[in-house]
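K.L.:
Just so it is clear: in the sequence shown, position 302 is 1792 by my numbering, and no numbers are missing.
All C-beta atoms in this analysis are idealised placements derived from N, C-alpha and C, irrespective of residue type, glycine included.
Supplied in structure tokens, the structure appears directly below.
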Amino acid sequence: MMSTSLPLATIPLLPAALMLATPALARLSTSARLWRGLQLLAGLALLAALLSLGLQLTQPSEARPTPLPGLATSLTAAWVAVLVQGLGLVIAVFSSRYLEGEPGQPRYVAALGGVLASVHLLLLADHWLVLIAAWAAVGLVLQRLLCFYADRPFALLAAHKKRLADRLADALLITAAALAWHELGTGSLSELRQQLQAQAGPAALTLQASAVCLVLAVMVRTALLPVHGWLIQVMEAPTPVSALLHAGVVNLGGVVLIRLAPLLEAAPLARWLLVGAGLATAVLAGLAMLTRVSIKLRLAWSTVAQMGFMLMECGLGLYTLALLHLLGHSLYKAHSFLAASGAVDDTRSRLLRGPVPMASTASLIGAPLAAGVLLGALMAAAAQGLALSTWPAWWTALLALAWAPLLWQRSTDSAGRWQAACSGAAMVLALGAAALLGHQLPLGVQDSPDHAAGLVALAGMALLYVVMALIQRQHPALAGWRRRSYAGFYADELITRAALRLWPTRWTPSSAT
């Protein structure tokens, strides 16, 4: 039994071990051999992650071997590991062309492998010390990628702000660990979950304080407002670095919250903090995104808004949807960044077709209702064969508001309106079906909806939709709000000034002096 379980226990560790071998590639003599070596290691890491996921799906939880003390496997971590290692392979292939002829390629390869290895260890963390160390390592190695172009002032400024945010998050996470460890007498995350699942009602005040500190640490790591500025300014880094950051690093806080869901459920204040901060970030960042012209900045603001939405889902207790959101957003954002150069051709094509007409008032009013009817009919049909006991009705209404813009009518002729209505309805139904089917996947999470918080979130999303509709009609009352939205509501300016005043740094290239 021991001889059989030992090799199986090492499989989840293989992706991290393979990525830790990337610094050895720096000794290869040619750039082509360097990138071929990285792509080979990334491909093997992806295969190992897929094999680990297969074992998680086929083995009962009590039969899964433990890789090492302080580490543990789980279905949730296995799904995300496949995503991250798959992104790593794609980014390795893309980077070999993107950085062709650039100096510092061995340094880039070593840092990329270090980030992927650290992320994988974070996903396996089953002890507070491992979680703290792995998350800190992700930030430290990522700094080398963010400063790849050391002659760009805004890259250095963004890296400095990211460094300060990471240290604040580290302090909060250490505080959360100390409080939980003191209360339970152990640093094991598995024992923490087991003890909290065995008790009913709110946890002790010490554990509730630990949950609040954990939530604050995650909010800082996921770049929620007002500490989002570094995520907007890392556009100075190479495009594949932006893809990795937005698709596989910044969303790790969601994974941590999902795995520590019992701690959240025993701390009402922590859940409400997630709902409030996540909703505010989703609304404000969503408005800022609408004012941006640069494709990369629009994508960056979109990530901030989506992170707010994902953390709000965690606060609402919809962990399955939060994990599906995390996986889907990662794939979409990686593709969007790596295909950002095509935005030039897309913009030229739109200009040739002439200005885009405003959405009609009737469609702005009717779109949420139509989306709600479509999703309601889909839910009613799916309820016959799918288990939807943890899918609250208010979540269907919230999704209807989120996807209503797909039904906006911009065409002036009847044929165009009919075509837009059909394509929009098909998209709403396809997204709803994807959410329902994803809800049935074995993701290793259990939902615990908070209905009071859900109604608050629904009201917030309704407010966002109303403001978006007024912006579409270019209502003069929103002229001032549009300026504030373009400036990101000046939140980052205040944070940047305070950071540089308290922790000054040189953020101009040394050669410039």
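1) In this structure, how does DSSP classify L1646 when only helix, strand and coil are distinguished?
2) I need the DSSP call for S1493, collapsed to helix, strand or coil.
3) Assess contact between the segment 1788 to 1798 and the segment 1736 to 1753, defined as three or more Cβ pairs (one per stretch) separated by less than 8 Å. Is contact present?
4) Tell me whether S1784 sits in a helix, a strand or coil according to DSSP, three-state version.
5) Let me confirm a value: C1912 is counted as buried when at least 16 other C-beta atoms fall within 10 Å, else exposed. Which label applies?
6) Alpha carbon to alpha carbon, how far is R1972 from A1981?
7) Tell me which same chain residues have a C-beta within less than 8 Å of the C-beta of Q1529, skipping the five on either side of it?
8) To the nearest angstrom, how far is the alpha carbon of V1570 from that of S1904?
9) Kindly confirm or deny that the segment 1587 to 1600 and the segment 1755 to 1763 touch, where touching means at least three C-beta pairs closer than 8 Å.
10) Is it buried or exposed for I1855, if we count other Cβ within 10 angstroms and need 16 for buried?
11) Among residues of its own chain, excluding the 5 on either side of V1702, which ones have a beta-carbon nearer than 7 Å to its beta-carbon?
12) Per DSSP, what kind of secondary structure is S1732 in: helix, strand or coil?
13) For the candidate residues M1709, L1715, A1670 and R1711, whose alpha-carbon lies nearest to that of L1697?
14) By how many angstroms is the C-alpha of L1859 removed from the C-alpha of A1892?
15) For the candidate residues A1514, L1537, L1787 and G1604, whose alpha-carbon lies nearest to that of A1624?
16) Does the segment 1723 to 1735 come close enough to the segment 1645 to 1664 that 3 or more CB-CB pairs lie under 8 Å?
17) Are the Cβ atoms of I1501 and S1542 separated by less than 8 Å?
18) Which one of M1848, M1951 and L1919 has the shortest CA to CA distance from I1961?
19) Among all the DSSP beta bridges, which residues are the ones paired with A1615?
20) Within a Cβ cutoff of 6 Å, which residues of the same chain sit near G1914, ignoring the five residues on either side of it in sequence?
21) Compare the C-beta of R1972 with all C-beta atoms of chain C and state if any pair is closer than 8 Å.
22) In terms of residue numbering, what span does the alpha helix (DSSP H) encompassing P1752 cover?
23) If you count every other CB in all the chains shown that lies within 10 Å of the CB of A1535, and 16 or more means buried, which is it?
24) Pair every Cβ in the segment 1679 to 1699 with every Cβ in the segment 1937 to 1951, then say whether three or more of these pairs are closer than 8 Å.
25) Where does S2007 fall in DSSP's three states?
26) Along the chain, where does the alpha helix (DSSP H) that runs through Q1899 open and close?
27) Within 10 angstroms of its Cβ, does Q1899 collect 16 or more other Cβ (buried), or is it exposed?
28) With H, G and I counted as helix, E and B as strand and the rest as coil, what does DSSP make of S2027?
29) Report the three-state DSSP secondary structure of S1826 (helix, strand or coil).
30) Do you know offhand how far V1710's Cα is from T1556's?
31) Just mark H1941 as buried or exposed, buried being the case when its beta carbon has 16 or more other beta carbons within 10 Å.
32) Measuring straight from C-alpha to C-alpha, what distance separates T1818 and L1927?
33) Is the number of C-beta pairs between the segment 1505 to 1521 and the segment 1607 to 1627 that are closer than 8 Å three or more?
34) Here's the rule: buried if 16 or more other CB atoms are within 10 angstroms of the residue's CB, otherwise exposed. What is P1966?
35) My understanding is that D1616 touches A1562, with C-beta atoms under 8 Å, so please give their C-beta distance in whole angstroms.
P.N.:
Let me spell this out:
1) L1646 falls in the helix class under three-state DSSP.
2) Residue placement at S1493 is poorly supported in this model, since its pLDDT is 45, which falls under 50; the coordinates still yield a value, given next. Collapsing the DSSP output to three states places S1493 in a helix.
3) Counting C-beta pairs closer than 8 Å gives three or more between the segment 1788 to 1798 and the segment 1736 to 1753, which meets the contact rule.
4) The answer is coil: DSSP assigns S1784 none of H, G, I, E or B.
5) With fewer than 16 Cβ atoms within 10 Å of its Cβ, C1912 is classed as exposed.
6) Each residue's Cα considered, the two are about 15 Å apart.
7) Contacts found: L1579, A1582, V1583 and S1586.
8) When the Cα atoms are used, V1570 and S1904 turn out to be separated by approximately 45 Å.
9) With the cut-off at 8 Å, the segment 1587 to 1600 and the segment 1755 to 1763 do not touch.
10) When all chains shown are included, I1855 counts as exposed.
11) Excluding residues within five positions, the ones whose Cβ falls inside 7 Å are A1757, L1759, A1760 and L1763.
12) Assigned with DSSP and collapsed to three states, S1732 falls in helix.
13) When C-alpha distances from L1697 are compared across M1709, L1715, A1670 and R1711, the shortest belongs to A1670.
14) Rounded to whole angstroms, A1892 to L1859 spans 12 Å at the Cα level.
15) Of the candidates A1514, L1537, L1787 and G1604, the one whose C-alpha sits nearest the C-alpha of A1624 is G1604.
16) Because the criterion of three Cβ pairs below 8 Å is met, the segment 1645 to 1664 and the segment 1723 to 1735 touch.
17) A Cβ-Cβ contact shorter than 8 Å links I1501 with S1542.
18) Comparing Cα positions, the closest option is M1848.
19) DSSP, once it has assigned bridges, lists L1561 as partnering A1615.
20) The residues are L1896 and L1897.
21) Within the model displayed, chain C is absent; a lone protein chain is all it includes.
22) Per DSSP, the unbroken alpha helix (DSSP H) holding P1752 starts and ends at A1751 to E1755.
23) Using a 10 angstroms sphere on the CB of A1535, the tally of other CB atoms reaches 16 or more, which defines it as buried.
24) No contact exists between the segment 1679 to 1699 and the segment 1937 to 1951.
25) In the structure displayed, the chain extends from 1491 to 2003; residue 2007 sits before or after that span and is not available.
26) Run containing Q1899: none; DSSP gives neither H nor E here.
27) Around the Cβ of Q1899, a 10 Å sphere holds 16 or more other Cβ atoms; the residue is buried.
28) What is shown of the chain runs 1491 to 2003, which leaves residue 2027 out entirely.
29) Of the three classes helix, strand and coil, the one that applies to S1826 here is helix, per DSSP.
30) When rounded, the distance between both Cα atoms is 31 Å.
31) Label assigned to H1941: exposed.
32) The sequence shown places Gly at residue 1818, rather than the Thr named in the question. Whole-angstrom Cα-Cα distance: 13 Å.
33) Flag = yes, the segment 1505 to 1521 and the segment 1607 to 1627 touch.
34) Result: exposed.
35) Confirmed, about 4 Å.
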